[in-house]
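*Asks:*
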Amino acid sequence: MLAIEVDGVSKQFRRKTIEPTTTLKTAVVDLLRGRRRESRASAFQALRDISFTIQRGETFGIIGRNGSGKSTLLKLLAGIYRPDAGRIRVRGRVAGLLELGAGFHPEFSGRENIFINGIVLGLSKREVRRRFDSIVGFAELEAFIDEPVRTYSSGMYMRLGFAVAIHTDPDVLLMDEILSVGDEAFQRKCADKLAELKRKDITLVLVSHGLETVAGWCDAVAWLDQGTIRQLGDPQKVIELYRQAVGGQPSEADAMQGPESIGGF
Amino acid sequence: MRIGRSELFAYRVLIQVLVVRDLKARYRGSALGFLWTFLNPILLMATYTLIFSVYMRIDMQNYPAFLMTGLLPWLWFSSSLLLGATSVVEGGGLLKKVFFPPQVLPAVTVLTNFANFLFSLPLLVGFLLLFGVRVGWSLVALLPLMLIQLVLTYGLTLIVSAVTVRYRDVAQLLASFLPVWFFLSPVLYPPNLVPPKFAALLTLNLMAPLLMGYQSVLLYNTLPVWTPLGIVAGVAVGAILLGTLVFNRFRWTFAEEV
Chain A
159 MLAIEVDGVS
169 KQFRRKTIEP
179 TTTLKTAVVD
189 LLRGRRRESR
199 ASAFQALRDI
209 SFTIQRGETF
219 GIIGRNGSGK
229 STLLKLLAGI
239 YRPDAGRIRV
249 RGRVAGLLEL
259 GAGFHPEFSG
269 RENIFINGIV
279 LGLSKREVRR
289 RFDSIVGFAE
299 LEAFIDEPVR
309 TYSSGMYMRL
319 GFAVAIHTDP
329 DVLLMDEILS
339 VGDEAFQRKC
349 ADKLAELKRK
359 DITLVLVSHG
369 LETVAGWCDA
379 VAWLDQGTIR
389 QLGDPQKVIE
399 LYRQAVGGQP
409 SEADAMQGPE
419 SIGGF
Chain B
10 MRIGRSELFA
20 YRVLIQVLVV
30 RDLKARYRGS
40 ALGFLWTFLN
50 PILLMATYTL
60 IFSVYMRIDM
70 QNYPAFLMTG
80 LLPWLWFSSS
90 LLLGATSVVE
100 GGGLLKKVFF
110 PPQVLPAVTV
120 LTNFANFLFS
130 LPLLVGFLLL
140 FGVRVGWSLV
150 ALLPLMLIQL
160 VLTYGLTLIV
170 SAVTVRYRDV
180 AQLLASFLPV
190 WFFLSPVLYP
200 PNLVPPKFAA
210 LLTLNLMAPL
220 LMGYQSVLLY
230 NTLPVWTPLG
240 IVAGVAVGAI
250 LLGTLVFNRF
260 RWTFAEEV
């Protein structure tokens with residue numbers, strides 16, 4: 159069964175390099191002077207005629223250089239953006255881990271933020287309550303759960319955000335470069351959790367610069383290049399072609415991971 | 010496309026959680042806590058009483074009680090509009106991360122300020138009793154008054170919050186415009202002081218029937234005059250419909266433009 163259908167999707171943005179925002183004042187002044195402001199805001203084509211399908215339970219990777227449209231595509235799948243052309247169909251509950259800790263309030267305790275974040279991500283209050291202990295345990299924050307989140311280290315913050323997100327039981331999970339949270343032990347735990355989700359037939363879409371990660375996890379990979387799909391299909395093959403095209407340079411994430419990169423994660 | 014209200018209903022838990030978050034954030038870590046909310050109107054009331062009752066010698070019974078009765082609903086209205094105008098822009102971080110209907114954001118602002126108003130009502134009644142005002146059964150008329158004001162405030166806030174995403178200076182314009190609206194509203198003076206020549210300023214003022222309603226209920230224990238309130242209620246419903254239209258027209262650009 160198809161989980162995601164993307165059919166001829168295009169998306170463009172207004173480029174706002176010169177004028178960040180219009181004010182009502184300039185709009186009125188222009189109107190009075192009968193001047194029509196040249197639409198200096200040129201359009202930027204972020205995605206052009208993208209089509210692919212993802213089967214239920216499949217893990218789908220999206221690779222490409224910075225600015226190739228990966229995150230835009232993910233935001234379209236999450237329903238945050240609407241395509242200018244084309245059609246997107248996603249079946250089931252979508253959870254987008256586009257950024258961790260959406261709605262976290264620094265003055266609030268970890269406990270309160272779990273509730274806020276959980277509701278923001280679409281859980282009911284009862285669902286959050288039922289998962290609460292498991293979330294805290296997963297984030298390994300039992301000792302700090304009643305401290306305000308502003309006192310957390312960045313690692314603790316990310317761990318809490320990841321723990322909530324992973325507990326939302328979605329049908330489709332969208333992840334943007336968040337597989338590198340926490341220390342090695344925590345990463346391994348995340349990997350186990352993702353493997354468990356994969357076994358439960360959850361559809362995963364992940365955007366990553368870590369080519370090893372993508373190769374290790376994905377059943378299919380799309381390579382985005384300047385807003386179009388350059389290659390689509392078997393991970394090994396697509397990644398190989400991508401490596402050749404970017405001139406054999408190791409990508410940022412691979413370079414950072416170093417030789418001891420853990421278990422394909 | 011579904012209309013705004015049903016979507017808001019579907020996201021009521023999110024709204025509730027965000028309202029509670031905003032209320033807690035406002036009162037946490039301050040020794041006076043909730044009293045801060047009442048401090049601002051008290052200070053305003055004291056100043057206005059000094060100016061109008063002592064300096065300018067306006068002859069009116071119970072002037073502080075009269076002031077307070079109009080001030081609190083006005084502050085709910087004006088701060089909702091002012092903070093609501095930037096609510097979508099400021100909630101942009103969240104809008105870019107997760108999908109939810111953006112009208113949740115102005116709704117949260119209006120409801121947070123409504124909650125503050127509700128919390129201050131018992132204090133207001135205590136204040137009035139202190140000044141020898143006798144409150145009575147007409148208090149039940151507060152319910153329709155608050156409902157009409159809620160609908161009106163939400164409708165107008167929807168419009169300004171959507172427009173502010175496009176034109177960022179709308180919030181500043183509003184900040185200059187709201188004090189004018191305040192002085193033209195019967196908060197500082199009873200409506201019968203307005204000369205007939207200027208009566209239109211009261212008739213056209215959407216907040217005037219509401220403020221007069223609060224005054225008759227709380228100060229004089231009489232029911233409000235319903236006809237002008239009915240008109241305001243009609244306009245309020247219109248404001249919600251128009252606000253929803255404007256909002257839906259712009260909403261898909263929000264995540265990109267904030």
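Here the protein sequences come in this chain order: A and B. Here the working numbering is used: position 122 in the first sequence is 280, and no number is missing along the way. Here the working numbering is used: position 55 in the second sequence is 64, and no number is missing along the way. Even for Gly, the Cβ is constructed at its ideal location relative to N, Cα and C.
Quick check on residue 424/A: buried or exposed, where buried means 16 or more other Cβ atoms within 10 Å of its Cβ?
*Replies:* Outside the shown range of chain A, which is 159 to 423, sits residue 424/A, and nothing can be said about it.
*Asks:* Should the region 137-145 of chain B be regarded as contacting the region 70-77 of chain B, the criterion being three or more beta carbon pairs within less than 8 Å?
*Replies:* Under the 8 Å Cβ criterion, the region 137-145 of chain B counts as touching the region 70-77 of chain B, having at least three qualifying pairs.
*Asks:* State the Cα-Cα distance for the pair residue 348/A and residue 327/A, rounded to the nearest angstrom.
*Replies:* 15 Å
*Asks:* Determine, using beta carbons only, whether residue 18/B comes closer than 7 Å to chain A.
*Replies:* no
*Asks:* Between residue 21/B and chain A, is the shortest Cβ-Cβ distance under 7 Å, so that the two count as touching?
*Replies:* no
*Asks:* Excluding the five sequence neighbours on either side, which residues of its own chain have a C-beta within less than 7 Å of the C-beta of residue 214/B, listed in chain order?
*Replies:* 193 and 194
*Asks:* Give me the residue from 188/B, 61/B and 178/B with the minimum Cα distance to residue 88/B.
*Replies:* 188/B
*Asks:* Give me the Cα-Cα distance between residue 143/B and residue 225/B, rounded to the nearest whole angstrom.
*Replies:* 12 Å
*Asks:* Let me check understanding here. Comparing Cα to Cα, which of 248/B, 223/B, 218/B and 196/B lies closest to residue 72/B?
*Replies:* 196/B
*Asks:* Please report the Cβ distance between residue 233/B and residue 130/B, rounded to the nearest whole angstrom; I am assuming they are in contact, meaning their Cβ atoms lie under 8 Å.
*Replies:* Rounded, the Cβ-Cβ distance is 16 Å, inconsistent with contact.
*Asks:* If you reduce the DSSP assignment to three classes, tell me which class residue 180/A lands in.
*Replies:* strand
*Asks:* When the cut-off is 7 Å and only beta carbons count, does residue 229/B lie next to chain A?
*Replies:* no
*Asks:* Under 8 Å, CB to CB, which of the residues in the region 215-246 of chain A have a partner in chain B?
*Replies:* Those would be 233, 236, 237, 238, 239 and 240, in chain order.
*Asks:* Tell me the residue span of the beta strand (DSSP E) that contains residue 196/B.
*Replies:* Run containing residue 196/B: none; DSSP gives neither H nor E here.
*Asks:* Just the chain B side, please: which residues come within less than 7 Å of residue 260/A by C-beta, in chain order?
*Replies:* 103, 106 and 107
*Asks:* Could you check the C-alpha separation between residue 22/B and residue 59/B for me, to the nearest Å?
*Replies:* It is roughly 45 Å from the alpha-carbon of residue 22/B to the alpha-carbon of residue 59/B.
*Asks:* Short of 6 Å in beta carbon distance, which residues of its chain neighbour residue 399/A, apart from the five on each side in sequence? Order them along the chain.
*Replies:* 389
*Asks:* Please report the straight-line C-alpha distance between residue 230/B and residue 300/A, rounded to a whole angstrom.
*Replies:* 55 Å
*Asks:* Report the partner residues of residue 334/A according to the DSSP bridge assignment.
*Replies:* Beta-bridge pairing links residue 334/A to 365/A.
*Asks:* Would you say residue 180/A faces chain B, with C-beta separation under 7 Å as the test?
*Replies:* yes
*Asks:* Less than 7 Å between the C-beta atoms of residue 178/B and residue 190/A, yes or no?
*Replies:* No. Outside cutoff.
*Asks:* Strictly below 9 Å CB to CB, what residues from chain E border residue 278/A?
*Replies:* The structure shown contains no chain E; its protein chains are A and B.
*Asks:* Using only the alpha-carbon positions, how far apart do residue 180/B and residue 359/A sit?
*Replies:* 48 Å
*Asks:* List the residues of chain A that residue 182/B touches, going by C-beta distances under 9 Å, in chain order.
*Replies:* 182 and 183
*Asks:* Would you give the residue range spanned by the beta strand (DSSP E) that residue 166/A belongs to?
*Replies:* 160-172
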